[in-house]
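Undergrad: The structure that follows is given in the form of structure tokens.
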Amino acid sequence: MDALSLLLNRRSLPKLMEPAPQGEALENIFRAGLRAPDHAALTPWRFIVSEGEGLQKLADILVEAAKADGADDAVIEKASKAPFRAPMVITVVAKVTEHEKVPVVEQHLSAGCAVQAMQMAAVAQGFSGFWRTGKWAYHAVVREALGVTGDDLIVGFLYLGTPGCREAKMVERELNDFIEYL
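Shown next, in the form of structure tokens:
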């Protein structure tokens, strides 16, 4: 698959199954993330991998967050199952460094670019992935459990695995609805 076809045809698949990327394929995914734009070479990323027992640990953190909110049983149940939608979840954290020329938002965006690059690297190698954030990414219990402090930010949970369903029809967008010229 050439790079342009990859970018123009990317879709998230909601159902992923074993196997997750391993070995060289997983290394390629991380290397792609490390190539994200990085003003002043701050490397504002940290990747937390959950697979196997790690998925249960992540689920336990989400359940703890739901209970801290006084959530009902349905929300707690949903939180307990969330990490198991794929055989691997990589939590991508923007690890912020104070810098006079690189604002916090730019470091957050750089980590977001890392997620996109990692997802594309997975697809290029025959895997698939989807990027989620949601309220858990911003929840104090989740942040604390994952060591996210200060201006650091969970920019996403990247679910990775082998496609477990057919791709849905791609939403077509009219370019002129999104482009302006000065």
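Quick note, in my numbering, the sequence shown goes up one by one and the last residue is 332. Ideal Cβ positions, reconstructed from N, Cα and C, are used throughout, including at glycine. Computed from a predicted model, the values in this text were never measured in an experiment.
For aspartate 223, count neighbouring C-beta atoms within 10 Å of its own C-beta (all shown protein chains included) and say buried if the count is 16 or more, exposed if not.
TA: When all chains shown are included, aspartate 223 counts as exposed.
Undergrad: For isoleucine 226, which residues of its own chain have a beta-carbon under 8 angstroms away from its beta-carbon, when the five flanking residues on both sides are left out?
TA: Val213, Ala216 and Lys217
Undergrad: Using CA coordinates, which residue listed in Ala229, Leu184 and Glu322 is at the minimum distance from threonine 283?
TA: Taking threonine 283 as reference, the option from Ala229, Leu184 and Glu322 with the minimal CA-CA separation is Ala229.
Undergrad: Please report whether the beta-carbon of threonine 241 lies at a distance below 8 angstroms from any beta-carbon of chain D.
TA: Here there is only one protein chain, and chain D is not present.
Undergrad: Report the partner residues of methionine 238 according to the DSSP bridge assignment.
TA: Glu201 and Leu310
Undergrad: Out of Gln269, Leu166 and Lys285, state which residue places its alpha-carbon closest to the alpha-carbon of asparagine 178.
TA: The shortest Cα separation from asparagine 178 among Gln269, Leu166 and Lys285 belongs to Gln269.
Undergrad: Provide the residue span of the alpha helix (DSSP H) that contains phenylalanine 180, from first to last.
TA: Residues 173-183.
Undergrad: Tell me where the beta strand (DSSP E) around arginine 293 begins and ends.
TA: Arginine 293 -> not in any beta strand (DSSP E); alpha helix (DSSP H) instead, spanning 290-295.
Undergrad: Just verifying my parser: in three-state terms, what is the DSSP assignment at methionine 268?
TA: helix
Undergrad: Quick check: what's the CA-CA separation for glycine 276 versus alanine 236?
TA: 15 angstroms
Undergrad: Run through DSSP, which three-state label would isoleucine 304 get?
TA: strand
Undergrad: To the nearest angstrom, how far is it from the Cα of leucine 205 to the Cα of tryptophan 281?
TA: Whole-angstrom Cα-Cα distance: 16 angstroms.
Undergrad: Taking just the CA atoms, how far does histidine 289 sit from proline 187?
TA: Computed Cα separation, rounded: 27 angstroms.
Undergrad: Have a look at valine 243 and asparagine 326 and give me their C-alpha separation to the nearest angstrom.
TA: In this model, valine 243 and asparagine 326 are separated by some 34 angstroms (Cα to Cα).
Undergrad: Do proline 233 and leucine 208 have their CB atoms nearer than 8 angstroms?
TA: yes
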